[in-house]
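Taken in order, the sequence shown gives residues 1069 to 1405; the numbers are from our numbering.
Below you'll find the structure, written out as structure tokens, and then a few comments.
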Amino acid sequence: MIKLILSRVALLAITLVGASLISFFLIRLVPGDPVTNLLGERGGTEERILEMRQRFGLDKPLYIQYFKFLESAVHGDLGESIVSKRPVSEEFLSRFPATLELGLAALFWATLLGIPLGIMAAVRRNSVWDYGVMGLSLVGYSMPIFWWGLLLILLFSVNLGWLPVSGRIDIMYDIPVKSGFLLLDTWHSEEGRVAFKSAFRHLVLPAIVLGTIPLAVLARMTRASLLEVLNEDYVRAARAKGLNENMVIYKHALRNALVPIITILGILVASIMTGAVLTETIFSWPGVGRWLVKSIEARDYPVIQGGILYTSFGVVVINLMVDIIYTFVNPRLRRRA
1069 MIKLILSRVA LLAITLVGAS LISFFLIRLV PGDPVTNLLG ERGGTEERIL
1119 EMRQRFGLDK PLYIQYFKFL ESAVHGDLGE SIVSKRPVSE EFLSRFPATL
1169 ELGLAALFWA TLLGIPLGIM AAVRRNSVWD YGVMGLSLVG YSMPIFWWGL
1219 LLILLFSVNL GWLPVSGRID IMYDIPVKSG FLLLDTWHSE EGRVAFKSAF
1269 RHLVLPAIVL GTIPLAVLAR MTRASLLEVL NEDYVRAARA KGLNENMVIY
1319 KHALRNALVP IITILGILVA SIMTGAVLTE TIFSWPGVGR WLVKSIEARD
1369 YPVIQGGILY TSFGVVVINL MVDIIYTFVN PRLRRRA
């Protein structure tokens, strides 16, 4: 177990260095720079532009800028936003709960529907249920997030008027931020369930959009994994003993089918973080994804570098946790570790 954790920690460090390299150099390939965006094309003289570039350290060679950024990151300092003048870590932490709440809601409903649908498709193989579930999952996986989001807005917000289009809660509510999770904060606020209902209604559409692709992947993976396990000798032996079919499926087969499902759950976390950029932009959700999009538009280098580094760290840590969970689900992996 310790050997496994140490190897994953070493991989974590390598991954973070790679993410820092990519985020640092790719953004500088985009035309424009922060100084031009701040001053405008006609907003500054050459002396003023040079002064601003020196202030932000943009006058130095790229490799010096990178190593300075890396040195500061190792000490926990990711710099200040060029636009807001606030520390990057402070801005990230203020927005991360919104993204985390949205991601957990999307993963919750994807898991709640995806795994049972996959089990149903595997148990009723080659039936109408099987073809229907697999067909819908293929459609769900193929739909672009921005297109699916706009369709849901058009149907449920514009035409039916059931759900709000953007934001996390109606502007009439002034909820004190405690946990950062608006569902929890509204539930314990003075407005109580009325504010909670507003926050929940704002969460529904973004969570559905963000969770659609993970749901489709989970349904297909659960079906494939369970079908493979159902053909094993120990499952046949359990049936030969006269055990109830539900006991055979849920006690004997499903537990062993969970290993690849847990694997895909770890991968889906990265997918959800990536999808959050588009989802938060479509629904004006005040999270990390929308923050990064605005920072790219403003060429706010410290925010882009720090935001991607934080996000990469979270994804790698979750994958480390998934690897550790393997060892508890599958005893053979525990013995190897």
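We treat Cβ as the ideally placed atom computed from N, Cα and C, and that holds for glycine.
In this text, all values refer to a predicted model and were calculated from it rather than measured experimentally.
Same chain only: Cβ atoms within 7 Å of Arg1269, ignoring 5 sequence neighbours per side: Leu1231, Pro1232
Backbone CA spacing between His1143 and Tyr1241 [nearest angstrom]: 39 Å
May I ask you to report which of helix, strand or coil DSSP gives Pro1165? helix
Please report the straight-line C-alpha distance between Val1337 and Val1245, rounded to a whole angstrom. 25 Å
Out of Leu1130, Tyr1134, Val1103, which has the shortest C-alpha to C-alpha gap to Arg1121? Val1103
Measure the alpha-carbon distance for Ala1087 versus Val1285 and round it to whole angstroms. 26 Å
Looking at the unbroken alpha helix (DSSP H) that takes in Asn1324, where does it start and where does it end? 1322 to 1350
How many angstroms separate the CA atom of Ser1380 from the CA atom of Ile1082? 11 Å
With 16 as the cutoff for other CB atoms within 10 Å, does Gly1357 come out buried or exposed? buried
Report the rounded CA-to-CA distance for Ala1141 versus Ala1166, giving the unit in angstroms. 24 Å
Once the 5 residues before and after Glu1313 are set aside, which same chain residues still bring their CB inside 8 Å of it? Arg1307
Report back the beta-carbon spacing between Leu1388 and Pro1282 to the nearest angstrom; my notes put them in contact at under 8 Å. Their Cβ separation, rounded to whole angstroms, is 20 Å, which puts Leu1388 and Pro1282 out of contact at 8 Å.
Consult DSSP for Glu1300 and reduce its assignment to one of helix, strand or coil. coil
I need the straight-line Cα distance from Tyr1131 to Leu1107, nearest angstrom please. 26 Å
Report the option in Ser1247, Ala1267, Val1151, Ile1243 whose CA atom is closest to the CA atom of Ser1257. Ile1243
Are the beta-carbon atoms of Leu1294 and Ile1187 separated by less than 8 Å? yes
How would you label Phe1093, buried or exposed, when you count the other beta carbons within 10 angstroms and need 16 or more for buried? exposed
Look up Glu1115 in the DSSP assignment and say whether it is helix, strand or coil. helix
For my contact list, Asn1105 and Arg1367 are in at a C-beta cut-off of 8 Å; report their separation, rounded to the angstrom. 5 Å
What residues in its chain sit with their C-beta under 7 Å from that of Glu1259, if we drop five residues either side in the sequence? Tyr1241
Can you tell me whether Glu1148 is helix, strand or coil according to DSSP? strand
The ligand ATP and Val1272: does the residue's C-beta get closer than 7 Å to at least one heavy atom of that ligand? Of the ligands one can find in the structure shown there are none, so the ligand ATP has no counterpart to examine.
Does the beta-carbon of Phe1160 have 16 or more other beta-carbons within 10 angstroms, so that it is buried, or is it exposed? buried
Please state the DSSP three-state secondary structure of Pro1282. helix
According to DSSP, is Pro1354 part of a helix, a strand, or is it coil? coil
Cβ pair Gly1343, Ile1213 closer than 8 Å: yes
Do Leu1219 and Trp1353 count as a contact pair if the criterion is CB distance below 8 Å? no
Relative to the C-alpha of Lys1153, which candidate in Ile1276, Asp1391, Val1385, Tyr1369 has its C-alpha closest? Tyr1369
Would you mind sorting Val1077 into buried or exposed? The rule is 16 or more other CB atoms within 10 Å of its CB. exposed
Restricting to Cα atoms, I'd like to know which of Ala1267, Ile1276, Ile1340 is closest to Ile1239. Ala1267
Using the DSSP secondary-structure output, state which residues sit across from Pro1155 in a beta bridge. Glu1148
Is Asp1101 helix, strand or coil by DSSP? coil
Beta-carbon proximity check, Gly1208 vs Ile1350, cutoff 8 Å: no
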